[in-house]
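These protein sequences, in sequence, are chains A and B. All residue numbers for the first sequence refer to numbering that gives the first Met the number 0, where the first residue is 0 and numbers rise by one. All residue numbers for the second sequence refer to numbering that gives the first Met the number 0, where the first residue is 0 and numbers rise by one. Think of the CB as a built atom: it goes at the ideal place given N, C-alpha and C, for glycine as much as any other residue. Everything below concerns the one structure shown next.
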Amino acid sequence: MRRLTLGIAACAAFAFGASTASAQDITVGFVTSLSGPASSIGLNYEKGINAAYAYQAEVDGHKINLVKLDDGSDPSAATQNARKLVQQNHVDLMIGTSSAPGTNAMLTVANELKVPFIGISPVNVPIPKEGHPWGIAVPQTPNLMVKVIADRMKREGIKTVGFIGFTDSWGDLVYNGAKAAEKNGDPQVTSNERYTRTDTSVTAQALKVMATKPDALLDGGSATQAALPLLEMRKLGFKGNFYGTPALLNRDFVRIGGKAADGVQVSAGPVIVTSQLPDSHFSKKIGTKFHEVFKKVNNSEADDGFSGYSFDGWLIFLNAAKVALKTAKPGTPEFHEALMQAIYSNKDVAGVHSVYNFTPKSYYGVDDRSLVVVKLVDGKWVYQP
Amino acid sequence: MNSQIAAILTMDGVATGAIYVLIALGFVLIFAVTRIIFVPFGDITAFTALTLADLEAKRLPGTASMIAVLALAAALMEVAALLRSGATNRIPRALIYYLVLPLVPATIVWATAGLAMPAPLRIALTMALILPLAPLLDRIVFRPIADASVLLLLIVSVALHFALVGIGLLFFGPEGVRTQSLVDYSAMIAGTPVSGETLLIVASAAFFSFLLYLFFNFTLTGKALHATAMNRTGARLMGIRPQQSGTIAFLLGSLLAAVSGVLIAPVNTIFYDSGFLIGLKAFVGAIIGGLVSFPVTAIGSVLVGVLESFAAFQSSPFKEVIVFSVLIPVLLWRSWSFVHADEEDEE
Numbered sequence: 000m001r002r003l004t005l006g007i008a009a010c011a012a013f014a015f016g017a018s019t020a021s022a023q024d025i026t027v028g029f030v031t032s033l034s035g036p037a038s039s040i041g042l043n044y045e046k047g048i049n050a051a052y053a054y055q056a057e058v059d060g061h062k063i064n065l066v067k068l069d070d071g072s073d074p075s076a077a078t079q080n081a082r083k084l085v086q087q088n089h090v091d092l093m094i095g096t097s098s099a100p101g102t103n104a105m106l107t108v109a110n111e112l113k114v115p116f117i118g119i120s121p122v123n124v125p126i127p128k129e130g131h132p133w134g135i136a137v138p139q140t141p142n143l144m145v146k147v148i149a150d151r152m153k154r155e156g157i158k159t160v161g162f163i164g165f166t167d168s169w170g171d172l173v174y175n176g177a178k179a180a181e182k183n184g185d186p187q188v189t190s191n192e193r194y195t196r197t198d199t200s201v202t203a204q205a206l207k208v209m210a211t212k213p214d215a216l217l218d219g220g221s222a223t224q225a226a227l228p229l230l231e232m233r234k235l236g237f238k239g240n241f242y243g244t245p246a247l248l249n250r251d252f253v254r255i256g257g258k259a260a261d262g263v264q265v266s267a268g269p270v271i272v273t274s275q276l277p278d279s280h281f282s283k284k285i286g287t288k289f290h291e292v293f294k295k296v297n298n299s300e301a302d303d304g305f306s307g308y309s310f311d312g313w314l315i316f317l318n319a320a321k322v323a324l325k326t327a328k329p330g331t332p333e334f335h336e337a338l339m340q341a342i343y344s345n346k347d348v349a350g351v352h353s354v355y356n357f358t359p360k361s362y363y364g365v366d367d368r369s370l371v372v373v374k375l376v377d378g379k380w381v382y383q384p
Numbered sequence: 000m001n002s003q004i005a006a007i008l009t010m011d012g013v014a015t016g017a018i019y020v021l022i023a024l025g026f027v028l029i030f031a032v033t034r035i036i037f038v039p040f041g042d043i044t045a046f047t048a049l050t051l052a053d054l055e056a057k058r059l060p061g062t063a064s065m066i067a068v069l070a071l072a073a074a075l076m077e078v079a080a081l082l083r084s085g086a087t088n089r090i091p092r093a094l095i096y097y098l099v100l101p102l103v104p105a106t107i108v109w110a111t112a113g114l115a116m117p118a119p120l121r122i123a124l125t126m127a128l129i130l131p132l133a134p135l136l137d138r139i140v141f142r143p144i145a146d147a148s149v150l151l152l153l154i155v156s157v158a159l160h161f162a163l164v165g166i167g168l169l170f171f172g173p174e175g176v177r178t179q180s181l182v183d184y185s186a187m188i189a190g191t192p193v194s195g196e197t198l199l200i201v202a203s204a205a206f207f208s209f210l211l212y213l214f215f216n217f218t219l220t221g222k223a224l225h226a227t228a229m230n231r232t233g234a235r236l237m238g239i240r241p242q243q244s245g246t247i248a249f250l251l252g253s254l255l256a257a258v259s260g261v262l263i264a265p266v267n268t269i270f271y272d273s274g275f276l277i278g279l280k281a282f283v284g285a286i287i288g289g290l291v292s293f294p295v296t297a298i299g300s301v302l303v304g305v306l307e308s309f310a311a312f313q314s315s316p317f318k319e320v321i322v323f324s325v326l327i328p329v330l331l332w333r334s335w336s337f338v339h340a341d342e343e344d345e346e
């Protein structure tokens, strides 16, 4: 209902207020998946943006209008939504969406129509040859997710690590990340075993990993079924530690994994363990604020990583808008250009996930600081400094 | 690969294969009697596991309302059909079979939802809940087109599978489940540790295969089924009702799917859509048996399980490719070595 009201408010602002004070309002479009297969994480993004809007809804006296749309987990609907936001609602900036294909689709539209875009899922659209790209991506790169955990293995004296992961592109990303880390002196990867979400058994893969006698195991699965290799390895008597990526941060993974998953260490955005961070950590102050606002707005705890991406996207926008408002008026192409340049010129923007430094050379602006290592102890994720 | 690894792989393969045996026997049974390749078989297996997990978590399983809706639809169709043919005196009987009987376990589950129950009772309830599923689907979907060609039945069957996967997502949600172990026992066979679960799976598969053998050879109903499988028209002339035979075949199929679901639930995480791949591999086993022979089907299914296990060890990314590639030589061998008596021509 609120979405509808906001949408109507934004449309009304456009229809009646072209020459009045509301022309000074900034309009932001937000797209996420509230239906379809991606909706389970899409809802988290939605809650994150609600918290962000409650956190701050104006910049230097300029009110911000937020228009929210559902893409139904469909990339072509994401494309239509992006066009609609730009051409009908005349947004100054877009934020979206909960699936990688949908985010790529929106970024393509942003590059074409020259409206700044903040992606809250991973993107892999080629950088435009002329000019600068019109978008950025908030999340950590998969390579970084693996590198941080591989560095931790090295610190703990682990020389070799076995790998079991999904047969899909996620498994590839994790395996390639581990291989890339290996070149920088991180543990050697001894196996490349794969399984699918619907497999009935990973005994054979686990045996093969055991035969290479690794010190530890890297889990390249995601969500619930990531627990399967851990259960099987423990059953076969594997004594080494388990490591994984943020894909394991899932309530059902903890439930299914039970005792076998206890002690698994994964890389994670600091927002997962805000309350356990030291006061000196960049994410402590803003993260605490985020969790407070989130709870007030959504009546639930922010125990996922996704809502944090929406919130960080909003922070990046707020910081850029502050700079851009000095040189241009909202709703003009000059303002869009100024916003994009401000996103690039702002340095060390602290969010709940990371400290962001964007450049026109890459969509990503994160570094090692964007991930901490957490360990599963008695069903709870505990920060490991 | 040393002998120890080979032994563990074989053990794992036989356990997986035993699950496939149960499902493949169901495939052959239903196909022989009704000429339907019942694609949603694996889905029923998955639904059983999900139902059991829901009962274990003291939740009302989605299957209860699913069965209620299906029973209502089937009863309506049956009553309408009876009214049209003027056989109103058979309506009470139809209502008992299609409405009251399936609703009994659903009502019990609904009434006891949230109560802690011992494991055997949970399993019994789950099986009772799942049993009417296949016969009800048969009544609603397949009975109206019972005389259609094998191809049409197959296409409808595939469509039914997709519908069931969607319904599964609706009723059970996207997350996977895994139930508590049935037995806490571990044995050493030839220096290889074997879990009690593996033994239980293999024993159940052998037991139910034996029961089927007894059923077909020593009971009148079994012989009637056998007769329908051999020749529908001939069986009808002998006073056997093919529709009734079909219902019994589906009931038995439901039982086999339920048993395999209960067995697989504690050894693997099952999702609402896990059933299809399990069913597809069992189908390879059924194809090895030519969709006719029960013993060859059983052996074929175990072979598929063992092959899958060794393939996963040799080259895990290509596991499925290796398993399904077996179909090609099997089909070639089948089409060369058997003379087809085309069933469609007989009628």
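Legend entry - Cβ neighbours of Leu210 of chain B in the same chain (closer than 7 Å, five flanking residues each side left out): none
Inset, instruction - Could you tell me whether any Cβ in chain A is nearer than 8 Å to the Cβ of Ile43 of chain B? - result: Closer than 8 Å: no.
Inset, instruction - Would you decide whether Ile95 of chain B is buried or exposed? Buried here means 16 or more other CB atoms lie within 10 Å of its CB. - result: exposed
Legend entry - Local conformation of Arg34 of chain B per DSSP, three classes: coil
Inset, instruction - Give a yes or no on whether 8 Å exceeds the smallest Cβ distance from Lys429 of chain A to chain B. - result: A query on residue 429 of chain A cannot be resolved here, the shown segment of chain A reaching from 0 to 384 and no further.
Legend entry - Contact with chain A by Phe170 of chain B, beta-carbon distance below 8 Å: no
Legend entry - Helix, strand or coil at Ile119 of chain A according to DSSP, with G and I counted as helix: coil
Inset, instruction - Mark Leu75 of chain B as exposed unless 16 or more other C-beta atoms lie within 10 angstroms of its C-beta, in which case mark it buried. - result: exposed
Inset, instruction - Could you tell me whether the segment 22 to 41 of chain B touches the segment 273 to 280 of chain B, where touching means 3 or more Cβ pairs closer than 8 Å? - result: yes
Inset, instruction - State the start and end residues of the unbroken alpha helix (DSSP H) segment that holds Asn64 of chain A. - result: Note, Asn64 of chain A: premise wrong, no alpha helix (DSSP H); beta strand (DSSP E) at 61 to 69.
Inset, instruction - My understanding is that Tyr97 of chain B touches Ala73 of chain B, with C-beta atoms under 8 Å, so please give their C-beta distance in whole angstroms. - result: 5 Å
Inset, instruction - Under 7 Å Cβ to Cβ from Lys294 of chain A, same chain only, skipping five residues before and after it: list those, please. - result: Glu300
Inset, instruction - Quick one: grab the DSSP three-state call for Pro192 of chain B. - result: strand
Inset, instruction - Pull up the CB-CB distance for Phe305 of chain A and Ile48 of chain A, whole angstroms please, since I reckon it's below 8 Å. - result: So it is not a contact: roughly 11 Å between Cβ atoms.
Inset, instruction - Pair every Cβ in the segment 299 to 310 of chain B with every Cβ in the segment 0 to 10 of chain B, then say whether three or more of these pairs are closer than 8 Å. - result: yes
Legend entry - Spatially closest choice to Gly113 of chain B from B:Pro131, B:Ala86, B:Glu55, by CA coordinates: B:Glu55
Legend entry - Alpha carbon of Gly260 of chain B to alpha carbon of Phe310 of chain A, nearest angstrom: 43 Å
Inset, instruction - Check the Cβ of Ser39 of chain A against every Cβ in chain B and list those closer than 7 Å, keeping chain order. - result: Pro173
Inset, instruction - Measure the beta-carbon distance from Glu196 of chain B to Thr223 of chain A and round it to whole angstroms, keeping in mind my assumption that it falls under 8 Å. - result: Actually they are not in contact, since the Cβ atoms of Glu196 of chain B and Thr223 of chain A sit about 20 Å apart, beyond 8 Å.
Inset, instruction - Find out if the Cβ-Cβ distance for the pair Ser315 of chain B, Tyr54 of chain A is shorter than 8 Å. - result: In this structure, the beta-carbon distance from Ser315 of chain B to Tyr54 of chain A does not fall below 8 Å.
Legend entry - Backbone CA spacing between Ala256 of chain B and Thr47 of chain B [nearest angstrom]: Cα to Cα, the separation comes out at about 8 Å.
Legend entry - Cut-off 8 Å between Cβ atoms - residues of its own chain near Ala234 of chain B, not counting five sequence neighbours on either side: Ala223, Ala226, Thr227, Pro241, Ser244
Inset, instruction - Please go through the same chain and pick out, in chain order, the residues whose beta-carbon is closer than 6 Å to the beta-carbon of Pro213 of chain A, but skip the five residues on each side of it. - result: Thr159, Val160, Gly161, Thr189
Legend entry - Straight-line gap, Ser203 of chain B to Tyr19 of chain B (C-alpha atoms, nearest Å): 12 Å
Legend entry - Within chain A, partners of Ile263 of chain B - CB distance below 9 Å: Thr199
Legend entry - Residues that DSSP places opposite Tyr355 of chain A in a beta bridge: A:Val348
Inset, instruction - Taking all protein chains shown into account, decide if Asn110 of chain A is buried (16 or more other Cβ within 10 angstroms of its Cβ) or exposed. - result: buried
Inset, instruction - Determine whether the Cβ of Ala320 of chain A lies closer than 8 Å to any Cβ atom of chain B. - result: no
Inset, instruction - Grab the span of the beta strand (DSSP E) containing Phe267 of chain A for me, first residue to last. - result: Looking at the sequence shown, residue 267 of chain A is not Phe but Ala. Where Ala267 of chain A is concerned, the enclosing beta strand (DSSP E) stretches over 264 to 267.
Inset, instruction - Mind checking which residues open and close the alpha helix (DSSP H) that includes Glu192 of chain A? - result: Taken as a continuous stretch (DSSP letters only), Glu192 of chain A belongs to no alpha helix (DSSP H), being part of the beta strand (DSSP E) at 192 to 194.
Legend entry - Whole-angstrom distance between Asp24 of chain A and Ala341 of chain A, CA atom to CA atom: 18 Å
Inset, instruction - Evaluate Ser194 of chain B with the Cβ neighbour count: other Cβ atoms within 10 Å of its Cβ, from every protein chain shown; 16 or more gives buried, anything less gives exposed. - result: The residue in question, Ser194 of chain B, is buried, as its Cβ has 16 or more Cβ neighbours within 10 Å.
Inset, instruction - Just list the beta strand (DSSP E) runs in the segment 66 to 147 of chain A, keeping only unbroken ones of 3 residues or longer that don't cross its boundaries, in chain order. - result: 92 to 95, 116 to 118, 134 to 136
Inset, instruction - Determine, using beta carbons only, whether Asp272 of chain B comes closer than 8 Å to chain A. - result: yes
Inset, instruction - Would you check if the segment 161 to 171 of chain A and the segment 142 to 149 of chain A touch, i.e. whether three or more CB-CB distances between them fall below 8 Å? - result: With the cut-off at 8 Å, the segment 142 to 149 of chain A and the segment 161 to 171 of chain A do not touch.
Inset, instruction - Take Met152 of chain A and list the residues in its own chain whose beta-carbon comes closer than 7 Å to its own, dropping the five residues that flank it on each side. - result: Val160, Asp185, Pro186, Ala215, Tyr242
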